[in-house]
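Start counting the sequence shown at 1; every next residue gets the next number (the UniProt record's numbering).
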Amino acid sequence: MIIKSLSVFSIILSCTLTYGADLDVSTIGKVSNSTLTLHPGEQQVHGRVVIPPTIDLIKGSKDSVLRFEGLTPKDGECLGTLVRSHSRLTIKDLTIIGDHDGLPLGPGHQLVHGLAIRMVEDVTIANVTIKNVAGMGINLSGCTHILVRNCTIKDVGRDGVTSYGRSKSELKEGQWIDSGDRDNRLIEKLTVIDNHIENVGDDGIACWLSSAGYYTYHGQNQNVTIANNTIVGVSQPHAKNFGRGIALGGVRQALLAKNKIIQMPTHGIYVGIDMTARFDHERPARSSEEIKIIDNLIVNTGRYQGSGYMVKQAGIYLEEVDQVLLKRNTISGIYKNRDKPKSSGMGIIQIESENVELDDNTIVQEMLPYTQETP
Numbered sequence: 001m002i003i004k005s006l007s008v009f010s011i012i013l014s015c016t017l018t019y020g021a022d023l024d025v026s027t028i029g030k031v032s033n034s035t036l037t038l039h040p041g042e043q044q045v046h047g048r049v050v051i052p053p054t055i056d057l058i059k060g061s062k063d064s065v066l067r068f069e070g071l072t073p074k075d076g077e078c079l080g081t082l083v084r085s086h087s088r089l090t091i092k093d094l095t096i097i098g099d100h101d102g103l104p105l106g107p108g109h110q111l112v113h114g115l116a117i118r119m120v121e122d123v124t125i126a127n128v129t130i131k132n133v134a135g136m137g138i139n140l141s142g143c144t145h146i147l148v149r150n151c152t153i154k155d156v157g158r159d160g161v162t163s164y165g166r167s168k169s170e171l172k173e174g175q176w177i178d179s180g181d182r183d184n185r186l187i188e189k190l191t192v193i194d195n196h197i198e199n200v201g202d203d204g205i206a207c208w209l210s211s212a213g214y215y216t217y218h219g220q221n222q223n224v225t226i227a228n229n230t231i232v233g234v235s236q237p238h239a240k241n242f243g244r245g246i247a248l249g250g251v252r253q254a255l256l257a258k259n260k261i262i263q264m265p266t267h268g269i270y271v272g273i274d275m276t277a278r279f280d281h282e283r284p285a286r287s288s289e290e291i292k293i294i295d296n297l298i299v300n301t302g303r304y305q306g307s308g309y310m311v312k313q314a315g316i317y318l319e320e321v322d323q324v325l326l327k328r329n330t331i332s333g334i335y336k337n338r339d340k341p342k343s344s345g346m347g348i349i350q351i352e353s354e355n356v357e358l359d360d361n362t363i364v365q366e367m368l369p370y371t372q373e374t375p
C-alpha cells in the first residue's frame, strides 16, 4: 500500500484477494477464492468496495492500516465496511481508523460503522483494532455463527459491538405472521470474548432480536456467549449517552461471564425485551430466557445525566426475563443522587421477571479497587 494521507471510511467486504506491493481497491470485487493480505502503510479506500463471498482479510504486518472517510446519511443506510454474502468471512489482524472525533452521538445516529456485516454465515473477527468511528464499531445484522475475539474498539459514537436479527413479522387479520422475506434470519451462536471496548457512545456489547423496521414476533436469537471482555464507558457523563455495558433483548440461552464493566451511564448489564417493541408499544414484546450472569465485575454505573429515559439505573437490570442465574457478580460504586433519591442507582433491579436465582453476589455503595488495562 502506498497511500498515506486523508482518512477514509466505507467499503463493502466479502471475498478474498491476493495482490502485490500496491492495492488497487477497484479490483477487489473482481477476485474471489483467495486471500487479501494488506501490506505495511495506510491504505486509503474511497467509497464502497464490494467483495464476493468467501474471504480472508489479513494484515501483512503490524503497520497495515485501512483508513476511511465518513459519509453522510443521504449516501445510504449502511455505510462503512459493509459485507453481504452467504458464506464464510474472516477478518483479522487489522487496524481500521475513521475520521470521527469519538464523541458519543447516541442511539439515533446512523453514520459510518467500522465494520458492517449483513446476512453472512460463519463470521470471524479477530485481533482487529477499530478507532474514531461515528457509528458502531462492529455492526452485525442477520448473521449466524459469529466469533468476535481479542479486538480493541475505542472512541466510537455508538455501540462497540452490536448484533441483531433480520426477520420481519406482520399483523394480518389479528395474527402476527412471518413476512416471507428471503432475508429473514435470526442470530444463532454469537461469541464475543477477550475484547477491550472503551469510550463508546452507547452500549458496549449488544444483541437484539431485531432492529428498527425489522420487528420479529416468532423466535429468539439464541446461544450467545459474552465473556472476559473489558468495557469502559465515556470518561465524562454525556446527555446523548445512556448506554449499557452489555445489553440483550429477545435472547434465549446466553452466558455473560467474567466481564469487567466500568463507568457505564445507565446499567452495567441489561437483559430484557426486544428493542423494537420497547419503542413501539403496539407490538408485543419478545423477552429473554435461560440466562446465566456469572463472575462479572460492574463498577461505577448509573451516571446518566440526560432526561426522559431510564430513571432507575442498576448494576444489573432484568426486565420480563425468565430463568436467570446471577452468581458471584460484584457491583460497586453505584451512582447516588442525594438531591433526587428516586433517580439513584441500585444494585440489581427485577421488573416482572420470573425464576431468578441469586447466589453469592456482592453489592456495595462504595467503589472497590479494580485494575483497568489499557491496550
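Beta carbons: idealized from backbone N, C-alpha and C, even for Gly.
Asked: Output yes or no for whether 8 angstroms exceeds the beta carbon distance between Gly-243 and Ile-262.; Found: no
Asked: Once you ignore the five residues that flank Met-346 on each side, which residues in its own chain have a CB closer than 6 angstroms to its CB?; Found: Ala-314
Asked: Helix, strand or coil for Thr-90 per DSSP?; Found: strand
Asked: Over the uninterrupted beta strand (DSSP E) stretch that includes Ser-163, give me the two end residues.; Found: 161-164
Asked: Enumerate in chain order the residues of its own chain whose CB-to-CB distance from Thr-191 is below 6 angstroms, with the five nearest sequence positions on each side excluded.; Found: Leu-147 and Thr-225
Asked: Arg-149 by DSSP, collapsed to three states: which one?; Found: strand
Asked: Mind checking whether Val-161 and Ile-138 have CB atoms under 8 angstroms apart?; Found: yes
Asked: State the CB to CB distance for the pair Val-321 and Ile-293, rounded to an integer number of angstroms; the pair is presumed to be in contact (CB under 8 angstroms).; Found: The pair is not a contact, with the Cβ atoms about 10 angstroms apart (cut-off 8 angstroms).
Asked: Where do the N-terminal and C-terminal ends of the beta strand (DSSP E) with Ala-254 fall, by residue?; Found: 251-257
Asked: In chain order, what residues of the same chain lie with their CB nearer than 6 angstroms to the CB of Asp-194, ignoring the 5 residues before and after it?; Found: Arg-149, Asn-150 and Asn-228
Asked: For the candidate residues Gly-142, Val-156, Lys-154 and Ile-231, whose alpha-carbon lies nearest to that of Ile-187?; Found: Gly-142
Asked: Measuring straight from C-alpha to C-alpha, what distance separates Ala-254 and Val-356?; Found: 14 angstroms
Asked: Give me whichever residues DSSP pairs with Met-346 in a beta bridge.; Found: Ala-314
Asked: Alpha carbon to alpha carbon, how far is Arg-328 from Ile-96?; Found: 36 angstroms
Asked: What's the gap between the Cα of Leu-248 and the Cα of Ile-349?; Found: 15 angstroms
Asked: Starting from the Cα of Leu-209, find the closest Cα among Gly-165, Asn-199 and Glu-290 and give me that residue.; Found: Gly-165
Asked: Identify whether Ile-117 lies in helix, strand or coil by the three-state DSSP scheme.; Found: strand
Asked: Pop quiz: Ile-125 and Ile-153 are said to be a contact at Cβ under 8 angstroms. What is the actual Cβ separation, rounded to whole angstroms?; Found: At roughly 10 angstroms, the Cβ-Cβ gap does not stay under 8 angstroms, so Ile-125 and Ile-153 are not in contact.
Asked: With DSSP as the reference, label Ile-187 as helix, strand or coil.; Found: coil
Asked: Measure the C-alpha to C-alpha separation of Ala-257 and Ile-269 and round it to an integer number of angstroms.; Found: 11 angstroms
Asked: Measure the alpha-carbon distance for Glu-354 versus Thr-301 and round it to whole angstroms.; Found: 24 angstroms
Asked: How should Leu-115 be labelled, buried or exposed, when 16 other C-beta atoms within 10 angstroms of its C-beta is the threshold for buried?; Found: buried
Asked: Tell me which same chain residues have a C-beta within less than 7 angstroms of the C-beta of Val-364, skipping the five on either side of it?; Found: Ser-332
Asked: Distance, Cα to Cα, Gly-76 vs Thr-330?; Found: Confidence at Gly-76 is low in this model, with a pLDDT of 37, below 50, so the placement of that residue should be treated as unreliable; the coordinate-derived value is given next. Their backbone Cα atoms lie some 43 angstroms apart in a straight line.
Asked: Taking 7 angstroms as the line, does the beta carbon of Ile-363 fall inside it for any heavy atom of the ligand COA?; Found: You won't find the ligand COA in this model; it holds no ligand whatsoever.
Asked: Would you tell me roughly how many angstroms separate the C-alpha atoms of Arg-185 and Asp-159, rounded to the nearest one?; Found: 21 angstroms
Asked: In whole angstroms, what is the alpha-carbon distance linking Asn-296 and His-267?; Found: 13 angstroms
Asked: Could you tell me which residues DSSP puts in a beta bridge with Gly-272?; Found: Gly-249
Asked: Beta strand (DSSP E) containing His-196: first to last residue?; Found: 196-200
Asked: Check this for me: beta carbons of Ile-197 and Ile-246, under 8 angstroms apart or not?; Found: no
Asked: If the criterion is Cβ atoms closer than 8 angstroms, does the pair Ser-361 and Leu-326 meet it?; Found: Correcting the residue identity first, residue 361 is Asn in this sequence and not Ser. Yes, the Cβ-Cβ distance between Asn-361 and Leu-326 is below 8 angstroms.
Asked: With DSSP run on the structure shown, which of helix, strand or coil describes Glu-319?; Found: strand
Asked: Under DSSP, the beta strand (DSSP E) around Asn-228 begins and ends at which residues?; Found: Run containing Asn-228: none; DSSP gives neither H nor E here.
Asked: Alpha carbon to alpha carbon, how far is Asn-223 from Gly-98?; Found: 32 angstroms
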